[in-house]
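One structure is given below, encoded as structure tokens.
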Amino acid sequence: MRGKRVVMALCGILAVTLWSTAGWAGPESDPLKPRVPDAERGDARKMKSPIAVTPEILAKGKELYEGKGTCANCHHPEGTGDGAGGMLLTPGPRNFTNCKFHKKRNDGELFWIVKNGSPGTGMPALVKGNIITEEEAWQIIAYERTFCKDE
Ligand code: HEC
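So the sequence shown is residues 1 to 151, counted in the working numbering.
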């Protein structure tokens with residue numbers, strides 16, 4: 001009986017070890033290089049958010065980011081890009097706490113990616129896939145901007 005327990009304990013340690021190595025998500029793609037395909041980027045950058053950012057909109061965006069939108073699963077509730085659902089993806093999910101990333105991207109580019117996904121990566125097409133509406137995407141984007149703290 002004692003031997004069996006030792007084996008089980010060792011299996012537990014092994015499982016935890018494997019689980020922690022599975023936590024090494026691939027590095028994110030260069031946050032300063034555009035991700036909207038060249039042919040689409042000009043039009044994407046012309047899109048303007050139709051919503052005015054208010055505390056209510058940010059609260060709605062947070063709720064959607066953490067809930068229905070599923071964003072937090074991969075991008076982490078704190079926006080750090082290392083959520084459990086993104087652990088095995090290469091490139092890894094974007095880290096939204098990086099202010100340099102926010103400065104490089106306008107709202108239209110972020111919207112294009114949330115709508116269509118990022119081609120060739122694990123970033124899903126959340127509007128086209130009917131997970132969220134266009135209006136909800138704009139609300140989430142307004143909230144996503146708040147992860148950059150030094151402004
Ligand atoms: C299944 C995991 C997953 C989910 C769920 C997910 N993302 Fe992503 N996301 C990624 C990955 C992976 C990338 C990196 C793609 C790349 O490098 O092009 C990414 C990149 C992004 C980018 C950056 C694109 C750029 O211009 O660099 C934005 C914005 C984004 N996601 C927004 C969201 C929003 C908003 C949600 C929820 C509505 C969401 N994501 C849900 C995995 C996910």
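Even glycine gets a Cβ: it sits at the ideal position worked out from N, Cα and C.
Bear in mind that the values here come from a model prediction, so they are computed numbers and not experimental data.
Q: Could you please give the first and the last residue of the uninterrupted alpha helix (DSSP H) stretch that includes Leu-58?
A: Here the alpha helix (DSSP H) through Leu-58 covers 55-66.
(Q) At a threshold of 8 Å, does Cys-71 count as lining ligand 1 (C-beta to nearest heavy atom)? (A) yes
(Q) Please state whether the Cβ-Cβ distance between Cys-99 and Gly-85 is less than 9 Å. (A) no
Q.
Counting beta carbon pairs with one atom in the region 136-151 and one in the region 50-66, are three or more of them shorter than 8 Å?
A. yes
Q: Examine ligand 1 and report whether any of its heavy atoms sits within less than 8 Å of the Cβ of Arg-145.
A: no
Q: Pull up the distance between the alpha-carbon of Gly-83 and that of Ala-72, whole angstroms please.
A: 6 Å
Q: Name, in chain order, the residues that DSSP records as bridge partners for Glu-28.
A: Gly-92, per the DSSP bridge assignment.
Q) Under the rule that 16 or more other beta-carbon atoms within 10 Å means buried, what is Asn-116, buried or exposed? A) buried
Q | Helix, strand or coil at His-102 [DSSP, three-state] | A | helix
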